[in-house]
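Asks: Under the working numbering, residues 9 to 374 are what the sequence shown spells out, in order. Here it is, the structure, as structure tokens.
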Amino acid sequence: MALRIKEWLRGLSLKEIIYSLIVFLSLVLYLTLTIWSDDKVDGLIDQQAAIRWDKDGGSAHVSCFFAEHVEVEEYTIMSYERALEQSLKEVLSAEEVSDEGGRRLFIDAYSSLGTITVVSEKGKLEADAVGIGGDFFLFHPLQLVSGGYFSGNDLMKDSIVLDEDAAWQLFGSNDIAGKSVMIGDVPHYVAGVVKRQEGKFAEKAGLNKSVLYVSNESLAAYGVSEGISVYEVAAPNPVKHFVYNNIKEKLGIEDSDMVMVENSSRYSVEALVTVLFDFGTRSMQNSAVKFPYWENIGRGWEDVKAVVLLFQIIFLLIPGVILTVFLIIRWKNKTWTYRDVVNFIIQTKDKTVQKVKGEKNKWQHF
């Protein structure tokens, strides 16, 4: 076998060797880019809620980002939750909408951005804050250093999650779950401490400084809040874009007043082709929408994946063109005719028939 390979290689011309190397390197670069970019996207925890919620892959994660002048209240969210539940019950089977074992039909969360001042026995900190409601930490499972999360649905709205820098500034330690801080003269209790996401995009998106997480009510009452600006849903997606279209039609917010993203499919080839065609203009905003840090990170990687897709296409086209030219040349210089092909097929068939008959005759002697 090795000898045949050596003889085949010796028979190649310099031009054929060069083109073969180009094909090989193109395919290697394609695979390298694919593995690297897919690994990076898989690590974007804020974009993977649908997969975490539904391992079978039948759900979609959709985010809405509202313009600054739009006032979204909690009752707006509650009203839409009822509408979504009704819509899902109309299209899903009874088994799929069953709440046996405490299974929920969908999860959702809303959040507001702002600043807040936190005081402890050892220090005082004014920092950016995210006011959360609903299942925020199911959509954004930040890496815990100590303690745990809290839910926006908790009866008591006096919990706070700090990042490591804030914990050290306020307590000189990151093992502080259960400790109390004062926010607007009201005690709040540390549920947990999280590690900030790292990397160039994270820093540029606003994670170059501390971010605190409190209830939406606490941020509105004791801090400076910009109001609810983000709403997220992870729900069964029986047909393509079902959840996306349902929110668009029934949330009650004008299209011009919000930006919608289907997170669960934003890095698909179909979505990235759209990004490529909109490259340059997609960053232009006519509505006053302020994206939270996690969406800025997601959009940054969207641009990267779009460029990667362009190179992937190029690295597949190169061997495709070379192989096509090679086949055309071979075709023009062929030494056989269609009659030769027909005869070869007939001979192969006859040999197969004879072999089968021989096997049958052999078994007749037993």
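We put the CB at the ideal spot given by N, CA and C, even for glycine.
(1) In whole angstroms, give me the CA-to-CA distance for residue 230 and residue 267.
(2) Give a yes or no on contact between the stretch 113 to 120 and the stretch 225 to 241, applying the rule of three or more CB pairs nearer than 8 angstroms.
(3) Cα-Cα, which of 159, 252, 264 and 311 is closest to residue 297?
(4) I think residue 174 touches residue 220, with their Cβ atoms under 8 angstroms apart; what is that distance to the nearest whole Å?
(5) So if DSSP puts residue 122 in a beta bridge, which residue, or which two residues, is it bridged to?
(6) Output the distance between the C-alpha atoms of residue 340 and residue 360, rounded to the nearest integer angstrom.
(7) Mind checking residue 274: buried by the 16 CB within 10 Å criterion, or exposed?
(8) Taking Cβ positions, are residue 258 and residue 91 nearer each other than 7 angstroms?
(9) Within 7 angstroms of any Cβ in chain B, is that where the Cβ of residue 89 sits?
(10) Whose C-beta lies closer than 8 angstroms to the C-beta of residue 181 among residues of the same chain, with five residues either side of it excluded?
(11) What does DSSP give as the partner residues of residue 240 in its beta bridges?
(12) For residue 261, which three-state DSSP category applies?
(13) For residue 199, does the three-state DSSP call read helix, strand or coil?
(14) Residue 64 to residue 207, Cα distance in whole Å?
(15) What are the start and end residues of the alpha helix (DSSP H) that includes residue 52?
(16) Checking the sheet assignment: what are the DSSP bridge partners for residue 171?
(17) Determine the direct distance from the alpha carbon of residue 326 to that of residue 378, and round the result to whole angstroms.
(18) Measuring CB atoms only, is the stretch 134 to 144 touching the stretch 152 to 166, in the sense that at least three cross pairs come out at less than 8 angstroms?
(19) With DSSP collapsed to three states, give me the class of residue 336.
(20) How many angstroms separate the CA atom of residue 187 from the CA atom of residue 197?
(21) By a C-beta neighbour count over all protein chains shown, 10 Å radius and 16 as the cutoff for buried, is residue 216 buried or exposed?
(22) Ignore the nearest five residues each way along the sequence and tell me which others in residue 330's own chain have a CB closer than 7 angstroms to its CB.
(23) Kindly indicate which residue of 164, 136, 96 and 57 has the alpha-carbon position closest to the one of residue 232.
(24) For residue 128, which residues from the same chain have a beta carbon less than 7 angstroms from its beta carbon, with the 5 sequence-adjacent residues on both sides left out?
(25) On a CA-only basis, which of 25, 114, 163 and 314 is nearest residue 49? Give me that one, please.
(26) Are there 16 or more other CB atoms within 10 angstroms of the CB of residue 451, so buried, or fewer, so exposed?
Replies: Result, derived from the coordinates:
(1) 28 angstroms
(2) yes
(3) 264
(4) 6 angstroms
(5) 137 and 233
(6) 32 angstroms
(7) buried
(8) yes
(9) Considering every chain present, this structure includes no chain B. It has just one protein chain.
(10) 175
(11) 71 and 117
(12) coil
(13) strand
(14) 31 angstroms
(15) Taken as a continuous stretch (DSSP letters only), residue 52 belongs to no alpha helix (DSSP H), as it is neither H nor E.
(16) 202
(17) Residue coverage of the chain in this structure runs from 9 to 374, which leaves residue 378 outside it and unanswerable.
(18) yes
(19) helix
(20) 6 angstroms
(21) exposed
(22) 27, 30 and 31
(23) 136
(24) 178, 179 and 189
(25) 314
(26) Limits of the chain in this structure are 9 at one end and 374 at the other, which puts residue 451 out of reach.
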